[in-house]
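Q:
Number of protein chains: 2
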Amino acid sequence: MALTLTPLINIPLIQSGDSLAGIVLASLSKTEIEIQDDDILIFAQKVISKAEGRLVNLAAVTPSPPALELAQATEKDPRLVELILQESKEIVRVRPGAIIVEHNLGFICANAGIDHSNVAGAGKQNEEYVLLLPQDPDASAKQLREFIFQRTGKRIGVMIIDSHGRAWRNGTVGMCIGLSGLPALIDERGWKDLFDYTLKITVVGVADELAAAASLMMGQAAEGTPIVHVRGFPYPLTEGSLAELIRPKHQDMFR
Amino acid sequence: MALTLTPLINIPLIQSGDSLAGIVLASLSKTEIEIQDDDILIFAQKVISKAEGRLVNLAAVTPSPPALELAQATEKDPRLVELILQESKEIVRVRPGAIIVEHNLGFICANAGIDHSNVAGAGKQNEEYVLLLPQDPDASAKQLREFIFQRTGKRIGVMIIDSHGRAWRNGTVGMCIGLSGLPALIDERGWKDLFDYTLKITVVGVADELAAAASLMMGQAAEGTPIVHVRGFPYPLTEGSLAELIRPKHQDMFR
Chain A
59 MALTLTPLIN IPLIQSGDSL AGIVLASLSK TEIEIQDDDI LIFAQKVISK
109 AEGRLVNLAA VTPSPPALEL AQATEKDPRL VELILQESKE IVRVRPGAII
159 VEHNLGFICA NAGIDHSNVA GAGKQNEEYV LLLPQDPDAS AKQLREFIFQ
209 RTGKRIGVMI IDSHGRAWRN GTVGMCIGLS GLPALIDERG WKDLFDYTLK
259 ITVVGVADEL AAAASLMMGQ AAEGTPIVHV RGFPYPLTEG SLAELIRPKH
309 QDMFR
Chain B
59 MALTLTPLIN IPLIQSGDSL AGIVLASLSK TEIEIQDDDI LIFAQKVISK
109 AEGRLVNLAA VTPSPPALEL AQATEKDPRL VELILQESKE IVRVRPGAII
159 VEHNLGFICA NAGIDHSNVA GAGKQNEEYV LLLPQDPDAS AKQLREFIFQ
209 RTGKRIGVMI IDSHGRAWRN GTVGMCIGLS GLPALIDERG WKDLFDYTLK
259 ITVVGVADEL AAAASLMMGQ AAEGTPIVHV RGFPYPLTEG SLAELIRPKH
309 QDMFR
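Protein sequence lines correspond, in order, to chains A and B.
Heads up: take any position in the first sequence, counting from 1, add 58, and you land on this note's numbering.
Heads up: take any position in the second sequence, counting from 1, add 58, and you land on this note's numbering.
Quick look at the structure:
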């Protein structure tokens, strides 16, 4: 069985309040893809955030004294730094140009995942607007999944992804920031291998592996396609959560 | 255009000296897949290592004093630790059960990527054998690619992947450890987004994204399929190298 990832076409620019599930079903109706049980739909974070109204006008943000200080150290806009601090539990590393944080959602990422690009505000000064991550991506995924079940009767998985930088390696990769209806991890401890030698420590980050695959098909710039349809995920669609993917701080050798 | 990943079936157990390219072509001839220009073949590290004779009998390894010391601190087999030290440039972190190193190949990984599982030795004591990573995975990939071009006339990409743990997140994911004939990174700096806002810092680790996707389709245990055929990679198949994916130590905030 093959894994097939198909970017959906004809996705309009998303506005606050849009029904993404409705938009997906409309897009699918123009393709040869008919949604089936065990399919998965993967959404770029930015379309979820836009639909959920997470756009913030920087002109309306007043930086606190800690934000002003950190902005100076990192050569960043103090209003953006104020939002980064509000969206984070903890600062992990700071360098000119880079603020690495533990996001309120639990994962480590740069700039609290706040995005400048592909964001249009109400007026002409597009660059004054930034986009925060969804407030509860697992819940957003669950809502989309339930809507699609109601409309189609099909039990699918839904995942929300973002592009993250990594320790040690160049290049961003897509990672899961929320999911519903598919596993985050597959625990292979105790499985036997080809020689009946028991695998000892393998827990596989299958949601992140699928997130990376979907990210590859989304592109980043003008030709971006923020929603990807997946067929052929090789594991049963049990329930997962973002929390499973996050290593507790006390177990992390690289914090 | 969709991305399709198909695990190849009927791959026999690989022995030292086997022609993997010949085995792949034989496997493909039993499927509906006819190799085309711009296809990519992805190999699990373990089959490359086996074909290249990287199996080591632990009974033949004499641990050095530093290996004996590190073995005690980490509660590991001193002979295995000796091999880990030989295969590494630098120890990055140590904990009971875990030795995180900078491998001689440049990347950060646990236990120098030395694998106990799915490895059979000559005799009954299978567990005495371990498998080292290929000595030059970019070169291994290039050789496979050229062999396939000679046999089929098709210009494909070849990548070798392994499963790595990560900072901050639970679960291993597939990562590129060598490639030929496809890009490792796509540099999107300077591209315009939907609103003509210039993207600032996006360099995408496309080889790692594809490695993660392929890993998902390989499985880990008894039903493992170590070779995956890919069609629909969304970028031109320019030449890449493992070195591009490795962040230099002085630029790394998490070493």
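For glycine and all other residues, C-beta sits at the position ideal for the given N, C-alpha and C.
In angstroms with no decimal places, state the Cα-to-Cα distance between K88(A) and G164(B).
A: K88(A) and G164(B): Cα-Cα distance of roughly 47 Å.
Q: Going by the DSSP bridge assignment, what does S146(A) pair with across the sheet?
A: Note: S146(A) sits in a beta bridge opposite H161(A).
Q: I believe Q103(A) touches D220(A) by the beta-carbon criterion, under 8 Å. Please report the beta-carbon distance rounded to the nearest angstrom.
A: Correct: roughly 4 Å between the Cβ atoms.
Q: Given a cut-off of 8 Å on the beta-carbon distance, is the pair I206(B) and I214(B) in contact?
A: Contact: yes.
Q: With a threshold of 8 Å between beta-carbons, can S85(B) be considered close to chain A, or not?
A: Taking Cβ atoms only, chain A never reaches closer than 8 Å to S85(B), which makes this a no.
Q: Leaving out five residues before and five after L61(A) in sequence, what residues of the same chain have Cβ atoms less than 6 Å from its Cβ?
A: Here the set comprises G290.
Q: Is the region 122–141 of chain A close to the region 268–287 of chain A, with three or more CB pairs under 8 Å?
A: The region 122–141 of chain A, when compared against the region 268–287 of chain A, does not touch it at the 8 Å Cβ threshold.
Q: Of all the beta strand (DSSP E) runs that stay within the bounds of the region 195–253 of chain B, which reach a length of 3 or more residues?
A: 215–222 and 231–238, all fully within the region 195–253 of chain B.
Q: Whose CA, out of Q309(A), H287(A) and Y293(A), lies closest to the CA of S85(A)?
A: Closest by alpha carbon: H287(A).
Q: Can you pull the chain B residues whose beta carbon is under 9 Å from the beta carbon of L268(A), in chain order?
A: A270, A271 and L274, listed in chain order.
Q: Does the Cβ-Cβ distance between S273(B) and V231(B) come in under 8 Å?
A: Contact: yes.
Q: Against chain A, does A225(B) count as a neighbour if the rule is that its beta carbon must be under 8 Å from one of theirs?
A: Cβ-Cβ to chain A under 8 Å: yes for A225(B).
Q: If you follow the beta strand (DSSP E) that T64(A) is part of, which residue opens it and which one closes it?
A: Residues L61 to P65.
Q: Can you grab the Cα-Cα spacing for the pair G298(A) / Q73(B), in whole Å?
A: Whole-angstrom Cα-Cα distance: 38 Å.
Q: According to DSSP, simplified to helix, strand and coil, what is I100(A)?
A: Reduced to three states, the DSSP call for I100(A) is strand.
Q: For N68(A), count the other beta carbons within 10 Å of its own beta carbon; 16 or more makes it buried, fewer makes it exposed. Which is it?
A: Looking at its Cβ environment, which holds fewer than 16 other Cβ atoms inside 10 Å, N68(A) is exposed.
Q: Distance check for N115(A) and P124(A), CA to CA, integer angstroms please.
A: Rounded to the nearest angstrom, the two C-alpha atoms are 20 Å apart.
Q: In this structure, how does DSSP classify N169(A) when only helix, strand and coil are distinguished?
A: In the structure shown, N169(A) sits in a helix (DSSP, three-state: H, G or I).
Q: Does the Cβ of S238(A) have 16 or more other Cβ atoms within 10 Å, making it buried, or fewer, making it exposed?
A: It is buried - the Cβ of S238(A) has at least 16 other Cβ atoms within 10 Å.
Q: To the nearest angstrom, report how far apart A168(A) and I98(B) are at their CA atoms.
A: So the alpha carbons of these two residues sit roughly 32 Å apart.
Q: By how many angstroms is the C-alpha of P65(B) removed from the C-alpha of Y293(B)?
A: Distance between the alpha carbons of Y293(B) and P65(B): 21 Å.
Q: Return the chain-ordered list of same chain residues with a C-beta closer than 8 Å to the C-beta of V105(A), the five sequence neighbours on each side being excluded.
A: Excluding positions up to five away in sequence, the list reads I69, I72, L78, P284 and I285.
Q: Is the Cβ of R247(A) closer than 8 Å to any Cβ of chain D?
A: Absent from the structure: chain D. Protein chains present are A and B.
Q: Measuring straight from C-alpha to C-alpha, what distance separates I166(B) and Q309(B)?
A: Roughly 14 Å separates the two Cα atoms.
Q: List the endpoints of the continuous beta strand (DSSP E) containing I285(B).
A: Element bounds for I285(B): I285 to R289.
Q: State yes or no: is the C-beta of I142(B) within less than 8 Å of the C-beta of V159(B)?
A: For I142(B) and V159(B), yes; Cβs fall inside 8 Å.
Q: Looking at chain B, which residues of the region 228–247 of chain A have a Cβ within less than 7 Å of any of its Cβ atoms?
A: Within the region 228–247 of chain A, the qualifying residues are N228, G229, T230, V231, G232, L243 and E246.
Q: In chain order, what residues of the same chain lie with their CB nearer than 8 Å to the CB of F312(B), ignoring the 5 residues before and after it?
A: Counting only Cβ-Cβ distances below 8 Å, and skipping sequence neighbours, we find A225.
Q: Please determine, among F101(A), R305(A) and E186(A), the residue with the shortest C-alpha to C-alpha distance to D196(A).
A: Closest option to D196(A), Cα to Cα, is F101(A).
Q: Quick check: is the beta carbon of H161(A) nearer than 8 Å to any beta carbon in chain B?
A: Not one chain B Cβ lies under 8 Å of H161(A).
Q: Looking at chain B, is there any beta carbon in it that lies within less than 8 Å of the beta carbon of I158(A)?
A: Judged by the 8 Å Cβ criterion, I158(A) is in contact with chain B.
Q: Counting along the chain, where does the alpha helix (DSSP H) carrying L113(B) start and finish?
A: That residue, L113(B), is in no alpha helix (DSSP H); its beta strand (DSSP E) goes L113 to N115.
Q: Short of 7 Å Cβ to Cβ, which residues in the region 286–311 of chain A face chain B?
A: Per Cβ criterion, the list reads P292, E302, L303, I304, R305, D310 and M311.
Q: Using a Cβ-Cβ cutoff of less than 7 Å, which residues in the same chain neighbour G318(B) once the five nearest sequence positions on both sides are dropped?
A: No statement about residue 318(B) is possible, as the shown extent of chain B runs from 59 to 313 and does not include it.
Q: If you follow the alpha helix (DSSP H) that L78(A) is part of, which residue opens it and which one closes it?
A: L78 to S87 is the span of the alpha helix (DSSP H), which, as asked, contains L78(A).
Q: Just to confirm, is the Cβ distance from L189(B) to K307(B) under 8 Å?
A: Contact flag unset, no.
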